[in-house]
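Each protein sequence line maps, in turn, to chains A, B, C and D. Just so we're aligned, residue 0 is where the first sequence starts under numbering that gives the first Met the number 0, counting upward by one. Just so we're aligned, residue 0 is where the second sequence starts under numbering that gives the first Met the number 0, counting upward by one. Just so we're aligned, residue 0 is where the third sequence starts under numbering that gives the first Met the number 0, counting upward by one. Just so we're aligned, residue 0 is where the fourth sequence starts under numbering that gives the first Met the number 0, counting upward by one. Even for Gly, the Cβ is constructed at its ideal location relative to N, Cα and C.
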Amino acid sequence: MPSTLSHAHLTLTRAPRPPAGAPRDEVVAQLRETARQIRLQDLALVHFAGAGHIGGDFSAVDVLTVLYGAVLDVAPDRVDDPERDRFVLSKGHVAGSYYVTLAAYGFLPVEQLATFLKPLSTLGGHPNRLHVPGVEASTGPLGHGLPIAVGQALAARLDSSPRQTYVLTGDGEMQEGSNWEAMMSASHYGLDNLTVVVDRNGLQQGASTEASMDLAPLADKARAFGFAVSEVDGHDHGALLDLLGSRERPGGRPRFVIAHTHKGHPISFMSDQVAWHHKVPDADQYATARAELDALAPAAGGAL
Amino acid sequence: MPSTLSHAHLTLTRAPRPPAGAPRDEVVAQLRETARQIRLQDLALVHFAGAGHIGGDFSAVDVLTVLYGAVLDVAPDRVDDPERDRFVLSKGHVAGSYYVTLAAYGFLPVEQLATFLKPLSTLGGHPNRLHVPGVEASTGPLGHGLPIAVGQALAARLDSSPRQTYVLTGDGEMQEGSNWEAMMSASHYGLDNLTVVVDRNGLQQGASTEASMDLAPLADKARAFGFAVSEVDGHDHGALLDLLGSRERPGGRPRFVIAHTHKGHPISFMSDQVAWHHKVPDADQYATARAELDALAPAAGGAL
Amino acid sequence: MTQRLAPRWLEAETFDCRDAFVETLVALASEDPRIVGVVNDSVGSSKLDAFRTAFPDRLVNVGIAEQDMVGMAAGLAGGGRIPFVSGAACFLTARAMEQIKVDAAYSRNNLKLCGMSPGVAYGELGPTHHSIEDVAWLRALDQLVVVVPADPVETAAAIRWAAAYEGPVFVRVSRTPVPQVHPADHTFTPGRATVLHEGDDVTLVSNGTVLWRALAAAEQLAAEGIGARVLSMASVSPLDTAAVVQAARETGALVTAEESVPRGGLGGAVAEAVVAHHPVPVRMLGVDAFAPTGSAGYLLDRYGMSPEGIARAARELLHRRRS
Amino acid sequence: MTQRLAPRWLEAETFDCRDAFVETLVALASEDPRIVGVVNDSVGSSKLDAFRTAFPDRLVNVGIAEQDMVGMAAGLAGGGRIPFVSGAACFLTARAMEQIKVDAAYSRNNLKLCGMSPGVAYGELGPTHHSIEDVAWLRALDQLVVVVPADPVETAAAIRWAAAYEGPVFVRVSRTPVPQVHPADHTFTPGRATVLHEGDDVTLVSNGTVLWRALAAAEQLAAEGIGARVLSMASVSPLDTAAVVQAARETGALVTAEESVPRGGLGGAVAEAVVAHHPVPVRMLGVDAFAPTGSAGYLLDRYGMSPEGIARAARELLHRRRS
Ligand SMILES: Cc1ncc(C[n+]2csc(CCOP(=O)(O)OP(=O)(O)O)c2C)c(N)n1
Ligand SMILES: Cc1ncc(C[n+]2csc(CCOP(=O)(O)OP(=O)(O)O)c2C)c(N)n1
Ligand SMILES: [Mg+2]
Ligand SMILES: [Mg+2]
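Set out below in C-alpha cells:
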C-alpha cells in the first residue's frame, strides 16, 4: 500500500503559455520541459493513488502539452466562451495526465490534484465535464469522443465560426465502429475545422493492436474515409507544434494526424510494455522513473 | 385497400437448381427467368399485403436468385446440415423477395407466401430464423448481418471446413459502424471464406447515399479494411454467376463485391426512384409493372 | 372488441402524433435558432419534411448510424445548440444506449431524444422494429426525463417543455392514430399526472397510445357502476408518486396499461411506488413478450389492452379483492 | 460500519468470482469442444488467461468492438459453437444492447453473455464504467435468462448451467471480493431462489456482492430478536415468484438489496411480484444514481448496503408497519 500523496509531492508549477511571437525554439523548449513536469506529477499521482493508466498517460502527454501549451485557443477564464476551441480527450482513461495538464495550464488548482481518485473527489478515473473546468466531454468508454468532436465541429460550421475542434483518440480505440461512423460524417460534412489525433502507440489493453485486431493500414483507412492524413513523431514537440499549430487547412477535408508514440515513454522499463497499460509503479519503480525523468531536466542537459 | 391475395396470384413455380455441368448459357437463362418470376410474385405480395420494400426487393432479386439458384451449397432437406453454406440477408427489410426466393427453391411451400404480413404469419416484415426454414439470422435492424456472417465464417475456419459464408448488405447500411467493426475482424482473421455483397443501388430510405451520408469511395474503404474488392453489374446474371460462383479465393482475404444495381429494377416508374423504397403499387401500378415484367418473358423475347 | 365503446370513441377523429411533434418543433425553431434536428435517414419516418423545408441547414442527417447520431448531438449541444434527435425508438434507444447513458444522462447534455413509432407501432415489421423495452431501459437511467405522451396535445406540450428544459429528455412520439384525450390547454410537467376520469373503486394508470383505451374502459366500467379513476401518466420518470399513492389509498387497486414491457416500465414504476408507500393489488398490462406478426391495433388488443380487455382486468382485480 | 459483524464475516476468506468463472469455463471447455470465448480486448479484465493458454484457438478477440463481439458470437453459435462472450458489463450491455435484443434474445441464439465487473465494481473509474442499469435493462428483454451470482460457488454453478442450457443467458461475474455464502454443492436453477437464513419477521431479498451483506444484516437482526429470512435470488429473470409471494405472506415485509438500480432491477421485480399476488411493504435498496468517486465497498456502504444499513432498513420497515 503506498502512502498517500502529500503536499511535498505536488511538484507541478503552472506553465505560462508562450507569448505570441515567441521564437519557436523557446516555445519548443518550454513545451518539452512542461511535458517533463507533467510526467513527474502524473507519476506521483498514479503511484500514490495506487491506480491509473500510466502507459497511455505517458504516450499522450506530449500531444496534450503541445495542444494546451501552444495550439488550443482556450484559457481558464474563458471556459464558457462560445468561441473557445474545443478539445475532446476520447481516450478518457488517461484522465491522470489530463488533469495534470489542465492544472499546469491553470484550469485546476495544483493542490486539487492531491484528491485524484479519493472518495468524493471530482477527479475520478475518467474526466467528467460537469465537474472539471475545461473538460468538454465526459469520456471513458472508448469511441465516444470522436462523434462528439464531429458534432462540435459541425456546430462551429453552423455558426460560421473559425473555432477549431481537436480530439485525441487511442489507436486501439479506432476499432470501435462508432468512430468510423463519425469519420464518415466528418468528411461528408467537409469539416476542415476538425483535427483527429490518434495516439498511435501500437498497444491496447491486452496486447499490440496488431495482435488484438489489426488497424493497419490506418492511414489508408482514414484517407478512404475522406481525411487529409499526416504522420508525426508524437513525442517531438517541435514537429507536433508545427503540425498541430498550423492553421492551414486542407480545403474541405478534416485532418487525421497519426502521432507515433510509445506507451510509457520515456521510462526505460515502461516504454512499449503492454503491462504498463494500467500497472502501478511500486516504490522502487517510482524512484527509478523519477530519476529517469530528473535526468532529462534541461539543467541536466537531457531531452525527452 | 387492395383486396387480399388469392390462390390465382400465386404464380410462382419451383425453380429447379441447374444440374452440375449444365452449360453456362442455359444456367444463366434459367436464373434470369427465375428472377423474373420472383419479381412477379413479390410484386403481388407487396401489392396485396399493402406493405413491403419493393425498391430494395427488386435491386436484390438477381443477387438472391444467383446465390440460391447456382452458388450456395444449401438445400431444403439440409437446412440443419452443419456443412451447408451460410447466407445472411443483412438488409432484412427485403424479406418479401427473400421469402419468394426461398419458396422458388423449395424452402417454403409457395402457398405459404399468401400469409405474408397477415396476423400471426411466420412471414413477417423481417425474416425470423426461428420460423422460416433456411433463414440463418433474424435481421431487420441494419448492421447486424455482417458481424453475424463474420462469426459464421470464423466458425467454419475453426472447424477447418470448406463451407462458405455470403452476406448481402444494403449500401446505406454500410454507414453503420458495426459493419466496419466486422470488416476489420474479417480481415484480421483472414476469412477468405467470406463474401460480402453490397447492393449498391445508390439510394437509401430518404435520399441517395451521396446526399444522405456519402460512402464514396466505397471500394477504397473496403480495400483499406483488407478486402479483395470487385465490382459487378448486380442485374447481370452471367456476371454474378461467374463472380459469386467461382470458388477461387484471394489468399487470406475476404471478398467484397460491389453489385451495382437499381432500386426498383426493371420497372420503369420505380427504377432509381427513392420513393419506391417502401411505396406500395396501387392497382394501376400493379398492372403496369406486371405488364412490364410479362414483356420480359423469354417467349416475349425480352431480357431483364 | 370495441362494440361497447361509447360513441365518442368510435367517432372520434384520430391523429398521428408525429404531426403535432413536427408542427411544434417548427414553431419552436422559428423562435429559437439554437434548435436543430438530428436524424438517421429518418426524415420521412419522423415526418420532419416540414422542418427540413423551413430550416434546411438545421437538419443534420448522420446516415444510418445511431451511435454517431447521439454522439454528434452531444457535440452540437456542446456548441450551444439544442438538438432534437429523431429516429425510430427501437434503434435510437437500443443502438445508442451507451451514448444515451454517458453523453445524455451522465453528462447532462441538453439533448432531446425523440423516439419515433415506439412500442408496437411498426406492427407487422415485427419485434426487431418494435420498441417495447425503451421505457424500462431509459427509466433505469439516472438524470433522464422519460415522457410518453398520449395524444397530439400532450405531444406538443412535451416537446415545448423539453425545448425549454435544460437537460436530457426522452419523448416517445407515435404514429399509431389516437384520439385527443387532453384538453387543448393541457401542459406537461415532469412528475405530474392528470386525472382524466374520476372514480373511487379502482384506478387505471396509463399513457401513450393506450390511454384512450383506458378511458374507454373507464366508461364501460362506469356503465356497470364501477368508478374507475384514470391517471394520465406521461411522465414515467420522474413518476408522480403522490398521485399513485393517493390512488392506492383512495381506490385500493390499480391497473396499469402501456404499449411496452411492464417489467420495469410504467407498470413496474407504479408497483415500486405502491409497495414503498401503500401496498395494494396492481395488475400490469403491457406487451410483455416479442409479439407475433400483426398490426399495432391488433397487438394491443391481443395483449389485453382493448378497452374491453382493460375493463376486464379491472373487474377481475376488484373481484379478487372482494373474494 | 462493520463493527457489529459476526466474526465469521470479518474473518471470512474472500474470493474474486472471475476465478471461479474461468476455472469452470476451462473445465467445461475441456469436455465440450463447442465452447469458445469471445472478448473485446478483455482477456486480462475477464481473467481469461488460463482459458487462452489452454485453448489458444478458441479465444476470439474482436478488439474494442462490442457490437461486433455479440454479432460475431451469434454467427459462431450459428456455426454450432457455444460462445461465452466476456467483457466489462457496462460496455457489453450498453454498447451491444441491440445485438443482445435481436441476436441473443429475439433470435434465441445460444449465447452466454458474461458481464464482468458489473454494478460499481470498477469503483473509482466512475459511472461510465459502472454497470448499475444492466439488470433492469436485460430483465426487460423477453427470452433472456438473467443471473446475478453471489459467490464463487454460485458463479461456477451458473456457468455450468448456462453451458448446458440451449438459449441466451446473461451472467454477472464480479471482481469485488466476496465470501462464500452457498454450500459447495449449491446448484443453479432458473426461477428458483434459496433460503439462506430463516426468519418470519421480515425478508431480505438479495443477490450478487450484496448477498453476504444481507446475511450479515440478518445475523445482526437475529441478535436483536428480529427474524429475518434471507432469500438468495440469483435468478432475476425468471424470478422465483412463488418464493417471493410466500415470503410476503409469511413475513409481511421485504427489503431488497442489490448492486444495481432497483428501478426495474431486482427491487422492481420483487415489487411487481408482490403487488400482483400479495401486497406488502417493500423497501428497495440499491445504487439508484450515478455514483460519486469511491471504491466499490465504499459505494455499497454509501448507498445503504453495509450490513448495518440493510439491518436499519429492515428495522425501519418493521417499525413503520407496526405504527
Ligand atoms: C467501449 C470500451 N470498451 C472497453 C474499454 C476498456 N479499455 C480501457 S482502455 C482500453 C485499451 C485502449 O487502448 P488504446 O485505445 O490503444 O489506448 P492507449 O493505448 O492510448 O492507452 C480498453 C480496452 C473501454 N474503456 N471502453
Ligand atoms: C439500425 C437501423 N436504422 C434504421 C433503419 C430503418 N431503415 C430501414 S431500410 C433503410 C434504408 C436502407 O438503405 P439501404 O441499406 O441502401 O437498403 P436498400 O437501398 O437496398 O433498400 C432504413 C434507414 C433500420 N432498419 N435499421
Ligand atoms: Mg494504444
Ligand atoms: Mg441502397
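Residue i and residue j closer than 9 Å at C-beta
i, j, result
"D:Q142", "D:Y105", "yes"
"C:S259", "C:G74", "no"
"C:G207", "C:V147", "yes"
"C:L265", "C:G251", "no"
"B:V166", "B:A258", "no"
"B:R357", "B:D84", "Since the displayed chain B opens at 0 and closes at 303, residue 357 of chain B lies outside it and no answer follows."
"C:I309", "C:S205", "yes"
"D:P280", "D:L298", "no"
"A:A69", "A:G244", "yes"
"B:P146", "B:S184", "yes"
Limits of the unbroken beta strand (DSSP E) element including residue i
i, result
"A:D232", "A227 to D232"
"D:F90", "Here D:F90 belongs to no beta strand (DSSP E); instead the alpha helix (DSSP H) covers A88 to R94."
"D:H382", "Past the edges of chain D, shown from 0 to 322, lies residue 382 of chain D, and the structure says nothing about it."
"C:M283", "V281 to L284"
"A:H259", "R254 to H259"
"B:D198", "L193 to R199"
"B:T3", "Unbroken run through B:T3: none, as it is neither H nor E."
Assigned exposure category for residue i - 16 Cβ within 10 Å defines buried
i, result
"B:R23", "exposed"
"D:L203", "buried"
"B:T100", "buried"
"D:S234", "buried"
"B:E175", "buried"
"B:H125", "buried"
"B:P15", "exposed"
"D:T52", "exposed"
"D:E223", "exposed"
Residue i to residue j span [Cα, whole Å]
i, j, result
"C:A120", "C:N108", "28 Å"
"B:L30", "B:V60", "10 Å"
"C:F169", "D:T175", "34 Å"
"B:L88", "D:A26", "37 Å"
"A:N178", "B:V256", "24 Å"
"D:A313", "D:A295", "23 Å"
"C:A275", "A:L116", "35 Å"
"C:F20", "A:P253", "35 Å"
"A:P249", "A:V134", "27 Å"
Range of the contiguous alpha helix (DSSP H) that encloses residue i
i, result
"C:N109", "Where C:N109 is concerned, there is no enclosing alpha helix (DSSP H), given that its DSSP letter is neither H nor E."
"C:R314", "P306 to R321"
"A:G237", "H236 to G244"
"A:F57", "I53 to V65"
"B:L157", "G144 to L157"
"C:N60", "Looking at the DSSP string, C:N60 is not in any alpha helix (DSSP H); the run it does join, the beta strand (DSSP E), is L58 to N60."
"C:T328", "Residue 328 of chain C is absent from the model: chain C starts at 0 and stops at 322."
"C:V243", "T240 to T250"
Inset, instruction - May I ask you to list, following chain order, the residues of the stretch 61 to 85 of chain B that have a beta carbon less than 8 Å from some beta carbon of chain D? - result: Per Cβ criterion, the list reads P81 and R85.
Inset, instruction - Taking only beta carbons into account, state which residues of the stretch 238 to 271 of chain B come closer than 8 Å to chain C, listed in chain order. - result: In summary, no residue of the stretch 238 to 271 of chain B has a CB separated from any CB of chain C by less than 8 Å.
Legend entry - Where the stretch 98 to 123 of chain D meets chain B: residues whose CB sits under 9 Å from a CB there: Correct list: Q98, K100, V101, D102, Y105, S106, R107 and N108.
Legend entry - Under 9 Å (Cβ pairs) to chain B, residues found in the stretch 60 to 84 of chain C: Hits within the stretch, in order: N60, V61, G62, I63, A64, E65, Q66 and D67.
Legend entry - Contact set between the stretch 136 to 168 of chain D and chain C, restricted to residues whose Cβ is under 8 Å from the partner: Result list: W136, R138, A139, L140, D141 and Q142.
Legend entry - Positions along the stretch 276 to 291 of chain D whose CB lies within less than 8 Å of some CB in chain C: Cβ contacts with chain C: P278, V279, P280, V281, R282, M283, D287, A288 and F289.
Inset, instruction - Select from the stretch 26 to 47 of chain C all residues with a C-beta closer than 9 Å to any C-beta belonging to chain A, and list them in chain order. - result: Correct list: V35 and V37.
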